[in-house]
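Below: one structure, written as structure tokens.
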Amino acid sequence: MIHLTGQNYSSREIIQNIFSPMVGAIVSQQAEELCQKNNLSFVEMLQPFLKLSSDAHFRDIAGTSVSIKGLRINVVDVNWRPPQTIVAKKMLNEAVTTAAGGEKMKAIKLDDGSFVDIPASEPWFEQWRETFLTVQFPADHEFTRHLLCSLIVVSSIDQNPIETASQLTKKLQMMQNVTMPQLPKWFANDALNCYVMLHDGCSGDIGKAQQAFEGLKSTYGEHKCFLLQINSHGGPPVDCPDPWLRYLKKHQRSEPAMASDIDSAPKTPQDMGSITGMPTTVVQSSNLLVHGGTIGSSGSSVSSETPPSGIVVGEVIAHPLSPVQETGIEIQETSSLTSSIDSLSLQTINPNVWPIESDIEVAHGSFLTVGDLDNLKHFVQDFTVRALIPYVERLVGVLNDSISNKKGVSRSLLSATKRWFVTNKPGVNTNQNAVVYTNESAELQTRKLGDLYFMFSHYSLAFQAYHQAKRDFNADSAWQYYAGALEMAALAAHMQGTATRKTYDYMEEAILTYLNSCKLPQFATRATLLSMECLRAAKQYNEAAKQLIRMTSEDSDLRSALLLEQASYCFLLANPPQYRKYALHCVLAGHRFSKVGQRKHSFRTYKQAYQVFENRGWSLAEDHIQFTIGRQASNLKKLDEASNCLAHLLRPSSMQTATQQTLFLREYLSTKKALQSKGGEAANDIPSIALPKIVQTMTKVLVTSPPPVSNPLHIAATNINITSAPTDEHVWNKMEEMLVQSASERPVMVFRPSKSLFSSESPATENPRSVHGEPIEVAFNLENTIKPAVLFENINLLWEFRNESGEIFSNRPLFLGDVSLEERSEIENVVASSFVAVVTFGEHETKTLVLKLTPRSTGQLRILGIVGKISAAQPTGPGEAPSLWGKQLFEAQPIRVGSAGGKDGNKASAAIASSTVPSFDRKLEIEILPPAPALHVSFSRAPAEVLAGEVIPIKMNMTNAGVSVLNDIYVCIDNPRYVLLNPNEADIPLSIRRDLQNLANENVGRDREARKQYVCRAFRESDGNYIAPNETKTATLWLQAPYSKGQKDIKLMIYYAMPQDYPKMKHRLVRHTWNFNVNDSLLVDANCNMSNPSKRELGIDVNVKNLNQVHHPLMTEIVMNELILFCSAYELQQNRVVYIKTPGYTKLQAGAGLKTNETVSLRCNLERRLAEVAYDGNFQH
213 MIHLTGQNYS
223 SREIIQNIFS
233 PMVGAIVSQQ
243 AEELCQKNNL
253 SFVEMLQPFL
263 KLSSDAHFRD
273 IAGTSVSIKG
283 LRINVVDVNW
293 RPPQTIVAKK
303 MLNEAVTTAA
313 GGEKMKAIKL
323 DDGSFVDIPA
333 SEPWFEQWRE
343 TFLTVQFPAD
353 HEFTRHLLCS
363 LIVVSSIDQN
373 PIETASQLTK
383 KLQMMQNVTM
393 PQLPKWFAND
403 ALNCYVMLHD
413 GCSGDIGKAQ
423 QAFEGLKSTY
433 GEHKCFLLQI
443 NSHGGPPVDC
453 PDPWLRYLKK
463 HQRSEPAMAS
473 DIDSAPKTPQ
483 DMGSITGMPT
493 TVVQSSNLLV
503 HGGTIGSSGS
513 SVSSETPPSG
523 IVVGEVIAHP
533 LSPVQETGIE
543 IQETSSLTSS
553 IDSLSLQTIN
563 PNVWPIESDI
573 EVAHGSFLTV
583 GDLDNLKHFV
593 QDFTVRALIP
603 YVERLVGVLN
613 DSISNKKGVS
623 RSLLSATKRW
633 FVTNKPGVNT
643 NQNAVVYTNE
653 SAELQTRKLG
663 DLYFMFSHYS
673 LAFQAYHQAK
683 RDFNADSAWQ
693 YYAGALEMAA
703 LAAHMQGTAT
713 RKTYDYMEEA
723 ILTYLNSCKL
733 PQFATRATLL
743 SMECLRAAKQ
753 YNEAAKQLIR
763 MTSEDSDLRS
773 ALLLEQASYC
783 FLLANPPQYR
793 KYALHCVLAG
803 HRFSKVGQRK
813 HSFRTYKQAY
823 QVFENRGWSL
833 AEDHIQFTIG
843 RQASNLKKLD
853 EASNCLAHLL
863 RPSSMQTATQ
873 QTLFLREYLS
883 TKKALQSKGG
893 EAANDIPSIA
903 LPKIVQTMTK
913 VLVTSPPPVS
923 NPLHIAATNI
933 NITSAPTDEH
943 VWNKMEEMLV
953 QSASERPVMV
963 FRPSKSLFSS
973 ESPATENPRS
983 VHGEPIEVAF
993 NLENTIKPAV
1003 LFENINLLWE
1013 FRNESGEIFS
1023 NRPLFLGDVS
1033 LEERSEIENV
1043 VASSFVAVVT
1053 FGEHETKTLV
1063 LKLTPRSTGQ
1073 LRILGIVGKI
1083 SAAQPTGPGE
1093 APSLWGKQLF
1103 EAQPIRVGSA
1113 GGKDGNKASA
1123 AIASSTVPSF
1133 DRKLEIEILP
1143 PAPALHVSFS
1153 RAPAEVLAGE
1163 VIPIKMNMTN
1173 AGVSVLNDIY
1183 VCIDNPRYVL
1193 LNPNEADIPL
1203 SIRRDLQNLA
1213 NENVGRDREA
1223 RKQYVCRAFR
1233 ESDGNYIAPN
1243 ETKTATLWLQ
1253 APYSKGQKDI
1263 KLMIYYAMPQ
1273 DYPKMKHRLV
1283 RHTWNFNVND
1293 SLLVDANCNM
1303 SNPSKRELGI
1313 DVNVKNLNQV
1323 HHPLMTEIVM
1333 NELILFCSAY
1343 ELQQNRVVYI
1353 KTPGYTKLQA
1363 GAGLKTNETV
1373 SLRCNLERRL
1383 AEVAYDGNFQ
1393 H
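For the sequence shown, our numbering begins at 213 and goes up steadily by one.
Right, here's the structure in full:
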């Protein structure tokens, strides 16, 4: 048995184990029963001890002693036969499927500094290689797999051990001397027979055993006989270390059968369509090798496209690099097979089912003691040193003498001339069986001599023998023999450490000769595997990859997958690393693994390739890999990972067409639905979906909203709109500060403005506060990141509420299944919510949605995300379009330093900046306070288009919607020049007073005096500045439009205090904004002059022009009603106002006004007052 797995062997150790001396064993029934007490056969019992623990020595014909390091004897049962072709394919496939390990990864650094993780070991490849080399038939052109000698094993409990040994000897002689060559094959006709007597140390009689052993030695020779004591443990079986486990090939699963593993490999020969471990048919088409299917009993080629078990027909992923043959075209060609393979492929085998081996692990070696294990080691050592090596030394001498004698007499002059003067090269059309050698021919004996030298580590003489043999075979055009000699010459040079470019070319030529001339791809594959080890040891990774890729073909997807994977690792280990080629060949390997049903390995190799393709700008390649990973993960029942991969295909940067992305979307929804229906933890939660995507930075929360107005002639106070940008927030904050200072009995030393609207520009460093029964608005942007239209239905906010007693409520159960009316009512009594029935998102479209939550209890409300039902807007396939209830969660955004909100946020920003712990926006974690008084404010409608300076009366209604009296109601105006409330009690704005009196000595710079200009009580003192519950009070506001043209706004803020016992909130605010479009009205200019020089009378010439234009939205005729003069020394003579007639100026008719662009000019005569008057500040004067 060849053992190459699990030991991290070097290339020398691998080659040495493959070409180790083979020894046949024939065991009597009683001896086999002794071994079976340990659940082992004799051959199996020896396996862990067949490698010599110390160096052996081998002498050549010149007497030179060669030290043999690490020699391993390959002991096999003489009755063992290589499996039939179909069974061999099953063994190869199972070797890959059941390989355990490979999870540990190692990192390879790339040129750009990134790392690629690859498996630290590849047990699947090692087991496949070991099985591939084991199931090969012994060939006639090489002797490394021929039996050198035999072990005849008898038991001391036999009635007549000598007679039993004699019968077994005769049986062996019949095998060796059969007329028609059959298996097993023997190295020489006079093969060495050695005899082993097993003695049961517990139940056997050692004296009787010694007596029988002496008889055995006297019959067959002392150096050929060995006594081996086993089963020395007399008590019940005990647990002990099991060194046999890794040597026993039971082809059973290495872990409990899971659905993913069951689906990962075929179970019947029919499922094995494309799994051909040993190629059977080869054609040469230009430089591409195309391999057909298995030859059936009718001799026709069976298509290799039969889908593996568990894979639906048509599910094999179409690969962009698949050859034409994968489209299902059956390739018909003739096959050239070796006689042994051909005979076995024609044998019948039950094609319907393979027996499933038991997964029950049994203990081995339960009756063997430590001494017995030492006996086994010593037996192998003694047998090798005392019997095998001396026999081989004698055999080398015989072969060498025979070759020397035949060189002079067996070659004619013509033959010698041909060998030395004819240049012969292997060709495509040559006949590999043109030359037949006898066992006594010098050429074969030279090859035998080289094999003996090679197996016993005399590599220099082995190379010389192979070199001579290849020349002889080349001269005779014996290409199969020639290729074998080239192959072994290259290996001998490598093992000797003298490999050169020429010896590597030997192996290259051997591979091509096996392929092209001999049509023996199984030997070409073996030579490639050996060459790979030599080239990788010499760090010639590109050459190794080239040879591995050449052996990929369509007749064996499993072999092609494994070799492509090895080629990819060669590219990655090259200097410099060729990571693009690594990724490409990983993809190709994954495709072949997929075709052969090895889904687990297909999934793994595609994931390895994605490490290179990720974020490299190769969008379509990424999509192909991710789709394949998702499909394989789905087949392996890794639905969570499958959904993540398919979600990647729906990313915004995808370059796929809308039709293709629609198919991706359907696949994604189906996978998500399957994941949810699978049960487990996923069934108790709403699945996350990738579409439509929440734009996390655009989420806004408004914890106050205007109530509806019952009077249709009035409009509610605008307050804060959730969609408005907080551009003037600093103005509102200043107005609130003035209101708080004015309403407070003592100065407020630390002022923090209240916030109702929270966004990324105005984050919440503390939990926002809302009032029981008042709606909370949440605005969020949803983006369709793909090209096809997406339908999103029944969109709701997903929330969680913790009341004051600690009980937690959520509306999640409403979307997981049917709930009773009582449960639904209980949830809605905690928080009432609105929903959007349906929204259609076009290609890459983003829409803003606003939903409301109305808490009906006090506690903590957490808004988790949104939930809805998604589907493709335009189904592309037959049947109902898949739809899925899914959720998108809001993510807590980190607060950036400087985004805490303007000047008033400096302290919060400083606190965040000084903290080492990252701070996150808490706008979605809202504290619900008890019911609070609320002031409903509405205004009579104001025109949107006004004239400059126009005065507009506004009725203001205030209603107390609470159950307690509202006190301390104040009003603040951002520009007192244009608003007047309670004229009898209001101060004249400073902007007017400075024109009427000298303010130099007035104390108007103090804060309190300045606030009086902006803040006043809502109602006169005589009416009482309070509102009783359910009472409505009305006040009149006088607004004057600004004198400058354009869009103008006037801001008003109303303040009212909360009851003394209300928690965490001292006051509440109402905002309102009037927006006007100010149009031009009158242009007035006045000049003072002498109206009557003789009497020295003063006059004022006044020009008035209507600037209103025809194209203005507000066109009006302006009537002049009165002229008023304010002056302390002069007054206007009303009866001496005259019109001045000038060109272009007209005189107004009685009752008529100025039309568009009309101008009137007046001269007003003044007269001096009898006494000067002074302004006393009375507004009504």
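All residues carry an ideal CB built from backbone N, CA and C; glycine is no exception. All values derive from a computational prediction rather than experimental measurement.
Secondary structure at residue i, three-state DSSP: helix, strand or coil?
i	result
residue 336	helix
residue 716	helix
residue 1069	coil
residue 236	strand
residue 1332	coil
residue 380	helix
residue 1292	coil
residue 1044	strand
residue 1058	strand
residue 699	helix
residue 277	strand
residue 311	coil
residue 583	helix
residue 928	strand
residue 660	helix
residue 1227	strand
residue 270	strand
What residues in its chain sit with their C-beta under 6 Å from that of residue i, if we drop five residues either side in the sequence?
i	result
residue 533	The pLDDT assigned to residue 533 is 42, lower than 50, so where the model puts this residue is not dependable; a value taken from the coordinates is nonetheless given after this. No residues qualify anywhere along the chain.
residue 454	576
residue 753	782, 785 and 786
Measure the CB-CB distance between residue i and residue j and report whether it falls below 9 Å.
i	j	result
residue 1317	residue 1294	yes
residue 993	residue 1047	no
residue 395	residue 293	yes
residue 429	residue 405	no
residue 914	residue 868	no
residue 1181	residue 1237	yes
residue 1134	residue 979	yes
If I measure Cβ to Cβ from residue i and keep anything under 7 Å in the same chain, skipping five residues before and after, which residues do I get?
i	result
residue 249	443 and 579
residue 326	none
residue 1247	1168, 1193, 1230 and 1231
In this structure, what does DSSP give as the bridge partners for residue i?
i	result
residue 905	995
residue 412	442
residue 1279	1269
residue 407	364 and 437
residue 1098	1080
residue 342	Beta-bridge pairing links residue 342 to no other residue.
residue 1373	1315
residue 785	Looking at the DSSP assignment, residue 785 forms no beta bridge with any residue, so it has no partner.
residue 359	234 and 398
Which same chain residues, not among the five before or five after residue i, have their C-beta less than 8 Å away from its C-beta?
i	result
residue 529	At residue 529 the pLDDT is 40, less than 50, meaning the model places this residue with poor confidence and gives no usable figure here.
residue 269	277, 278, 279, 280 and 601
residue 1081	1004, 1005, 1006, 1095, 1096, 1097 and 1098
residue 1257	1160, 1290, 1291 and 1292
residue 491	Because residue 491 carries a pLDDT of 35, less than 50, the predicted location of this residue cannot be relied on, and no value is offered for it.
Hey, which unbroken runs of the beta strand (DSSP E) at 3 residues or more fall wholly within the segment 1129 to 1178? Entirely contained in the segment 1129 to 1178, the beta strand (DSSP E) runs reaching 3 residues are, in chain order, 1137 to 1141, 1147 to 1152, 1157 to 1159 and 1163 to 1172.
Please give the ranges of any alpha helix (DSSP H) in the segment 836 to 910, keeping only runs that are unbroken, at least 4 residues long and fully inside the region. 851 to 860 and 870 to 889
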